[in-house]
Each structure stands twice: as structure tokens, then as C-alpha cells.
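In this text, residue positions in the sequence shown follow our numbering: the first is 348, and each later residue adds one. Heads up, the beta-carbon is just placed ideally off N, CA and C, and yes, glycines get one too. Remember, it's a predicted structure, so these values are computed and weren't measured experimentally. For reference, the structure discussed in these notes is given below.
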Amino acid sequence: MLGNDQCTSPLARRTRSEHNSAKERIGKRTVRYGNLQGFGTVEDLGNLACICGKVRGNVGTPAEDHRTECALRWCGRFPRLEQRACLASNQLTGPVERHDRCNRRRLPLRRARHCRRRLPHHSHSLSHKAVPLRIERGWIPLAIEAKQLHRHQRERRRGDVSDDELLRAGSARQHAECHHPKPPLGTRADVATSAEHRSASTVGRKKACRRLFAPGSKLALQHAHPTVSLRPHVRSPNQQRVSNIERILDQLNPEQRQAVTTTEGPVLVIAGAGSGKTRVLTARVAYLIASGIPPERIVAMTFTNKAADELRHRIATLCDAWSARRVWAGTFHSIFARLLRRNAEHLGFSPNFTIYDEDDSLALIRRLLKEQNIDSKELPPQAVRSAISRAKNDLVVPEEYAQRAGTPRERHIATIYHLYQRALRRADAMDFDDLLVNMIDLLASSDELLQLYQDLFHYIHVDEYQDTNSAQYEVLKLLAGGHRNLFAVGDDAQSIYSWRGARIENIFDFQRDFPEHVLIRLEQNYRSTQVILDAANALIGNNQQQIPKKLWTARSGGEPIRVASFWDELDEASGIVRYAEELRARGSVAAWSEIAVLYRINAQSQAIEDEFRRAQIPYRIIGGISFYKRKEIKDALAYLRLLLNPNDEEAFLRIVNEPPRGIGQATLGHLQRWAREHHQSLLSAAQQARSIVAIAKQKQLVLEQLGALVARTTALLGTLPLGELVHQYLDTVGLLGYYRSQSTEEALDRFENLARLIADITQYSVQAAESSTDASLAEYMQHVSLLTSVDEAATGDAVQLMTLHAAKGLEFPVVIIAGLNEGLLPLVRATTTERDNAEERRLFYVGITRARERLLLTYARNRSRFGLMEGSLPSRFLGELPQELLDADRPDELRRTSSRGLLAGLPHAEQRMQHRSTGNGFRPGQRVLHPAFGSGTVERVEGRGADAKVRVRFDVVGSKLLLVRYAPLVLME
């Protein structure tokens, strides 16, 4: 960067008379230029250009010759590289040098000549009326062109230089050989008037600097994008902006257009299913950019990385890729993680703090339970983690939780909650929920930081607003507290994640906390037939707490909704398969992937899977084990975490015996005690293992070797390509060799998974470099830790099987919703309160609105219960659908259901014994559902075969020991 004594151009310090004199000498030059969005004109007298460039710190030229000063115009993508193009003092035809600030070196003229091959054939001369050059990358020194043309002509008249030399000098100036340098931030693409040029040249540096950051300001320089043509006689930026805005708004209906163009103040958009919510959100961000808002002042928060990537891609199609990359688009957790790393010291963390995922948190909780002598069977780690997560989402700190604890179970959780937070702090780590809570603490602890981010995030957008929790809403209120430009898009009818902490009340609180808000309803549906929409409208109308809306579509008619009744769940599965085969046979669907089967809980898929396999129809379960949750991948990521954070105890404990090194629990106990006594991390203790006399010498050597290996690799960070570094590291620690040396299919699969991980890291670093983002290991680890299973897309031609929750955000030509029985939908636990019942209804609403053309609803008249086949009633929700919209094979049964309850008397089917699982399907810690006792957690499994028993601690009735073959337990998601 330039010093203060260099930042003000000598030209800027001239008096008004001197400036006018210079203007007469140089002449009023017009430089025409363009970018991917269009073309425009800049009037550049050689004054404001220099000031703007110097204030931003992106150019530097010899102070002794102000005529060679230049303002550089962006045309590349690579960060952290600043260059300057300058002429040697008093020498036009001498070497045109360029300065690489990163490597502190100068590049000779010959390194720039290769750019000439990119020039059009007609660029044999330099004309003051137009600049006929095509720029691929680098900086364009506009001020040099504007100021030196007159000098070129004088020297040419004197015969001092030839046409060839002029062309060499001009092309070298116009083409800086750099691989995507970084543009200055905060500037606006606009036109400055002559009056603004004159005032800026005389007022000085400070006011010009303020103008750079002033909302709505105009600048003389426009930052263009890769592949730029410089042509005369083109449209101005104002004309182009109007054209872009018209193009953005052209495809929107009146309500969508209102949502996009209402840019100031709070806006709440209630977007019905299939109403173009993503289109509106994308168009609004693009509209703001086209209106002149700097992209870096726009933030768009989503709930999945996939949604954020789609948003950026759509913005790029409406504006340009460069602007799309500058928008703060990402998940709540990813955006907050970036901000927290920037300001970690304010909260007592290091910038490289670790983000614990669910498995890391569970491992820590298990260890704490063991240390406190709390039986994990009586208090499962998963239950403790869920309680802690809910407390954090509700902004309940450990001390407050302890005060509220009224039962021994709650007091144990309060103890673990306190120790858990202390352990995270000691390990310099945060879990997912901490990213939200700590963001609130950061903003609340510093008025300066709060003001900074309120100014930075001037336009805040939230997707799927109905899924926000208390912590997320508090952050949004803080960030929007000044400008109040909060744009929330959601649908109260699709709020289905209360078990994750989502609060439908946030939609109604928005109206209370932002009374000046504009409410916009998007009711035109672009997905489903009117028959399907009428059924959905009738169903959701039974919910009391809602913002009324009525979905409609321009498409008239549609097939009736089929409702099929079957003898039992096996017959139901067989009927679903027959229906799919029938659709494919008559050509109603072109591929199996156009059919989706939805159900309430994962356990329902077993019978359906068996029937599809029997019929040899391909199917895919959406929501299986994520790649990053496989054991070998978790081990490899733990090794990488230690490189970034040597205090990460959970990572050390995971890898210390992977691959097996003979380090037992006794050795680990000695190591942990020594580390606590000497206030050292476990990795540091391992590196000093010879000082721990309680550990055998052989194991001391193993621990020291492990610690030294991690230290050596840490020192190599940044010196080798990331993929190569990770490959060497995992090979040296023995993880690759361990699986490579085994001949089993499982071991080979694990080895291939590790190879895939290394390839993924390599590809990530290459893509990051191409998109001008950080390709460091820390960025990759953050990228992986914030991935969710929702981001994993299914591929291939196969019938899609998934829960109703997993279907959120998807759509299919044909949808089959199975298991519409009381006890399943609504789930038996959801009948306790009207609030829970309303969410089950919303879940069914989500399932209905996934269908584009056809919808099949199925239920079984008999289901297994206590090993017996008993009669089962159809869901009450079926009775809430208008009968005239249904093609039901047993309409009388549906009429006997209602939203207030079920009409008793459906005759029991003939009973028969159905042997159940041997017990091998249940594991401690799993959540299960019982039709009589409700939901609970498996504590232990005893015995095998027909005598297998399972002890379940139910949430309401307590612990029960059940005989598996008679207990109708189903696994919950």
C-alpha cells in the first residue's frame, strides 16, 4: 500500500486555474469502454481517475512525474495481487514496467508482449476517439490513455517514435500480464460528471474517499469483468442499467414484481408452495445490483449449501459471475463462521477454531458422562446432545438451564451442559449451535462491530424464514436494527422442523417487531394442477395459526387424487409397485426417477424396498449415510483438524488409535491426567510422552512419533499443493496403508473412499483458485463441516424413496404418499397438543404439494401391533380433503374420519401372529416409537432370536422391558 505522502496526486493539489490550464493543454478526452453487461462512456480529465485509484490503494506511480500516474481498471479475478502500469520518467518508449507487490519484483516489457496476439487486427493505431483493444485480463490504465495521447501525437510529429513503438508501448500498457488480480472493493459502476471531476480534483483526498463509500455515489471508474471489449458508439451504463432491470422484471408476475422492487424497509413474503420463491429471491438480489447497490453489501442466508450455490448461479445468469461471487450468499452457519473467524479474538477464540459436528459432540458428551460416572444407558448421549442443542437454540445458557432443572435427569444434563461448554472452550472449538449463539454475543459485546456489520450488510435476505430458530432471529434483528432492510421469504404452511428448534412464531413475531413491514403473498402456483392445489388449500385451512392464502394456477383441471386402501402394509407396498409399473407401461412417466414414494418414518420403507427389489425396479433411498460421515473419512478429517488446531482433544482421541497403535484406555488416562496437570493439550502431551513415567516406554515412543509427524506436517502447510500434502500426510500416518494391506471388500471400499477424499480436496483447491477464493486447508475443513445431508443429490434413473421431511423443496411428476394411518400420520406423539397436530398437518401439506401431475394416497386397513394384525384407521387428514377431488376405493372409510377425532367402530380385521425382528435391528441410543407408550430411547438389547428383549426409556411413561417379537416398535428418523 502507498503511504499517506504518496496517496494524493500532485495533480489533485493544483489550484483551479492550474487545473483549467492543464485541461486546455491535455484536452477533454472521452474514453469509451465496456463490460459484459453493456457499454458506457467515462469523461476522464486525468484527475479524479488518479485520486480514486490512489485513495483505494491499488495503484502507485513515481511521484516525480505525475503525467505517468494512472488509474487502473479491473479486468481479472485473482485475489491478493496488486499491479501498477507506469512509464519510466521522461521516456515514453522505454520499458513499460509492472510491479508485482506480492513477490516484490518488476516484470520486463517482454513479459507483456504476448498479449498482443489477443488484439483485433484493426488495432494498428491508437485513436483518441476510440480505444480499439480487446482486454482478456489485467488492468486497463485509463488515465494514461487519456493523458498521454496528446503527448504521443507531439512526439510522433517530431519523429521521435515510430508507429510500431507506439503500438508496443500502448499494448504493453493496456495489457498487464497477471493471472486475475484483485479488484478494489466498494466502488460503483457509474458515470461521473465533469463537475464532479473538477470538484474532486480540488477538494482533495478525504472527501473523495468518503464519496467512494457513500450510498448512491458516482465514480469515474467502472470495474469490468473478464473478456472485455473496448468499442466506440455504445450504450451508456444508465441505458444498460435500465435494460438489465427490465430483463430482470420481465418474467415476474405482479406480486413477484412488487416483492422484487420493494427494496427499502422490512418485507415479509409469504410464498406458497411452487410460487417461484427462489426466482423472487434471485431477482431481488439481481435487481439491487442492477440498481447500483454494491454486491458485497447484500447478504442472502439459506439453510443448505445447495440452495446457496443455486442462488449464486442464478444471480450470475441475471447479472454476471463476478457480482454473484461478491454477494454474501451462504448458510447461516457458513456466513457466521466467516465472521466469527475474523473476530475470534473478541470472544477468546483463535481464528482457526474447530467446528464440531454431531459425531464430535457425541464423542465429547460420552467422555463427559463417563468422567461423571453417569450411566449412558440411563442418560443416552444423543438425548443429552439434543437437550443442549435445544437450550442453545432457545438462548438458554448453562447457568439458567441448571436453575430450571427440576428432575434428576435434567440436573445431570445441566452438569454435562456446563462441562461440555468448558471442554469446547478448552479445545478452542465450537459446535454448530455455538456459531449462532456466539454470533449474538459478538454483536452484543461491541457497538463498533455491530455498526460495522449493520453498514456492511445493508440488504439482508432470508430464505425459508419459517425454519429459523430463536437464535437466528435474534441475529437477524441485530443486523437489521439500523437500516431495517430485512427481506424474509417463507411459508408458515411449510413449517415442519420444530424438532430442530424452528419456530413458526418467528413469522408472526416479524409482524410485531417490524410493524412498518410490507406483507406480500405469492399465491400463483407454477407446479401442480388445480385439483392438487384445491386439496392442499382445504387441508391447511384446518390450522388455526396461519397467514391465510389460497394457491391457484393458470392450469385448469387435472386428474383426481387417487386414494387406495390395502389389507396390510405388505399389500400396500405391492400396490405401490403395481401402480409404478402401470404408469411406466402406459408411458405416463418417461423414467423411474419421475416417481417419488414418501412416508412419515424411515421404518416404513422396508416393505416398499422389498417389493421394488422383487419387481427388479431400481430405487434410491434419499437420506442415507453421508460420505463425510463414514468412519474412515471421519478419521482422515480428524487428522486434518489437528493440523489446524493442536488443542482439538476430540480429534486427537479419535486418531490416536486409527490405525491401531496399541494405545489403550489406561495409557490415554495417564496422558489426559498429565495434560491437565501441566495445562497442555493432548497432542502436546504426546510430543512429551517421555516425561510421563506412568506410560510404558514403547508407547511413549509411539506417541512421540505421532506428535512429531503432526508437527512436521503442520510446518508444511502452505508450502505444498493441498491435495499433495494431504496424500503424503495420510500415507505417512499409516491410514492409507492400513486399508490397502487388507484384502476384504470392506477395507478396499474404505481405501477407495480415502482416495476419493484426497481427489475431492485436490479438486476443491483447484476450483477455489479459479474462483478467487481461499484454497487453504482451513477453508476446506469449514466447507466440509458445514455440509448437510440435504446437499447430497440423488442421481440415476430410479424411483425415489424418502421421508416427508426429506421431500421438502423437491418436486416430482408423480408422488405416492404411503402409510396414511392414524399413529403414523399424524404420528402418535403428535396427538398430545394441537400445536403438534398442526405441524403434522403441515407435513402432509408439504407432501401433497410435491406433486406436479399425479398424486396417490395409500393406507392399510390392518397393521402389525404387539405381534398381532389389528385393524387400523385411515388418517384423520384424509377426511379433511374434499371428497369431490378424490378417486377413493373406500370413500365411506374416509368420511368416518374428521379433524376433531376418529369415529370408533371400524371392525377389526382377522388377527394373525406376525413374528417380528430378532432384536438385532435395535441398538442403544436409537429413538423408537410405540403406539401405546409413545416415543422413547433404546437403552439396551438383551438376548437373541425369539427371546430377544429391548429396554426402552419412553419420554412419558419411563423405562419398559419389551419382548421384541411382540413389541410394535418402529425406528424414528
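Under the three-state DSSP convention, the category H1025 falls into = coil
request  = Would you mind stating whether F1191 and L886 have Cβ atoms separated by less than 8 Å?
outcome  = Cβ distance < 8 Å, so F1191 and L886 count as in contact.
request  = For the region 851-885, list the alpha helix (DSSP H) runs that are entirely contained and at least 4 residues long, ordered along the chain.
outcome  = DSSP runs (the alpha helix (DSSP H)) wholly in the region 851-885: 852-860.
task = Indicate the three-state DSSP secondary structure (helix, strand or coil) for Y703 in the structure shown.
result = strand
query = How many Å lie between F386 and Q1114 at the Cα?
reply = Its pLDDT being 25, under 50, F386 is placed unreliably in this model, and the coordinates cannot settle the point.
ask   = Across which residues does DSSP place N1209 in a beta bridge pair?
value = G1218
inquiry  = For the region 791-801 against the region 826-843, do three or more pairs of beta-carbon atoms, one drawn from each stretch, fall closer than 8 Å, so that the two count as touching?
reply    = yes
inquiry  = Less than 6 Å between C-beta atoms, sequence neighbours within five positions excluded: which residues of the same chain meet that for R640?
reply    = For clarity, residue 640 is Ile in the given sequence; the question names Arg instead. Nothing listed; no residue qualifies.
key: Whole-Å CB distance - L1018 paired with K624, under 8 Å assumed   = Rounded, the Cβ-Cβ distance is 53 Å, inconsistent with contact.
query = What first and last residue would you give for the alpha helix (DSSP H) that runs through Q1147?
reply = From DSSP, Q1147 is part of no alpha helix (DSSP H) but of the beta strand (DSSP E) over 1146-1150.
task = Rounded to whole angstroms, what's the CA-CA distance from G1218 to I807? Just pull it up for me.
result = Distance from the CA of G1218 to the CA of I807, rounded to the nearest whole angstrom, comes to 52 Å.
inquiry  = Using DSSP's beta-bridge definition, name the partner residues of N1168.
reply    = Beta-bridge pairing by DSSP links N1168 to P1221.
query = Counting only runs that start and end within the region 762-804, where is the alpha helix (DSSP H) found for 4 or more residues in a row?
reply = 779-792, 794-803
inquiry  = Let me make sure I understand the geometry here. Which of I955, A932, I894, E906 has the alpha-carbon closest to that of I923?
reply    = Distance check between I923 and each of I955, A932, I894, E906 places I955 closest, using alpha-carbon atoms only.
query = Count the other CB atoms within 10 Å of the CB of R457; is the residue buried (16 or more) or exposed (fewer)?
reply = Residue placement at R457 cannot be trusted, given a pLDDT of 34 that sits under 50; the coordinates are not used to answer.
message = If the criterion is Cβ atoms closer than 8 Å, does the pair I879 and I843 meet it?
response = no
ask   = Which runs of the beta strand (DSSP E), 3 residues or longer, sit entirely within the region 1057-1081?
value = none
key: CA-to-CA distance, V1285 to P1271, given in whole angstroms   = Answer to the nearest angstrom: the Cα atoms are 5 Å apart.
inquiry  = Nearest by alpha-carbon distance to S952: which of R1300, Y748, L1171 is it?
reply    = L1171
message = Give me, in chain order, the residues of the same chain whose beta-carbon lies closer than 8 Å to that of S1031; leave out the 5 immediate sequence neighbours on both sides.
response = Result list for S1031: P993, A1022, G1054, in chain order.
inquiry  = Let's see if you can read the secondary structure: which residues bound the alpha helix (DSSP H) around L930?
reply    = 916-932
query = Using a Cβ-Cβ cut-off of 7 Å (strictly less than) and excluding sequence neighbours within five positions of K824, which residues of its own chain qualify?
reply = D860
key: Beta-ladder partner(s) of E602, from DSSP   = According to DSSP, E602 bridges with nothing at all.
inquiry  = Can you look up T608 in the DSSP assignment and give me helix, strand or coil?
reply    = helix
message = Out of Q1027, L898, R1001, V944, which one is the CA nearest neighbour of T1150?
response = Comparing Cα positions, the closest option is V944.
key: Three-way DSSP call (helix, strand, coil) for Y844 in this model   = coil
ask   = Based on Cα-Cα distance, which residue from A1198, V1297, L1072, R967 lies nearest to S875?
value = A1198
8 Å Cβ shell around L709 - same chain, five flanking residues per side excluded = P728, Q729, R732
query = If you compare alpha carbons, which of D1183, Y946, E1051 is closest to H1152?
reply = Y946
inquiry  = For D794, count the other beta carbons within 10 Å of its own beta carbon; 16 or more makes it buried, fewer makes it exposed. Which is it?
reply    = It counts as exposed.
ask   = Comparing alpha-carbon positions, which option in A938, L1124, L989 lies nearest P965?
value = Residue A938 is the option with its Cα nearest to P965.
query = Mapping DSSP to helix, strand and coil, what is R1020?
reply = Reduced to three states, the DSSP call for R1020 is helix.
ask   = Considering only C-alpha positions, which residue in the set V646, E611, R594, I682 is nearest to H1130?
value = If we check each option's Cα against that of H1130, I682 comes out closest.
request  = Give me whichever residues DSSP pairs with R1201 in a beta bridge.
outcome  = DSSP output for R1201 lists V1161 as bridge partner(s).
ask   = Under three-state DSSP, which class holds E1289?
value = It is a strand residue.
inquiry  = Going by the DSSP bridge assignment, what does G829 pair with across the sheet?
reply    = Answer is none; G829 lacks a bridge partner.
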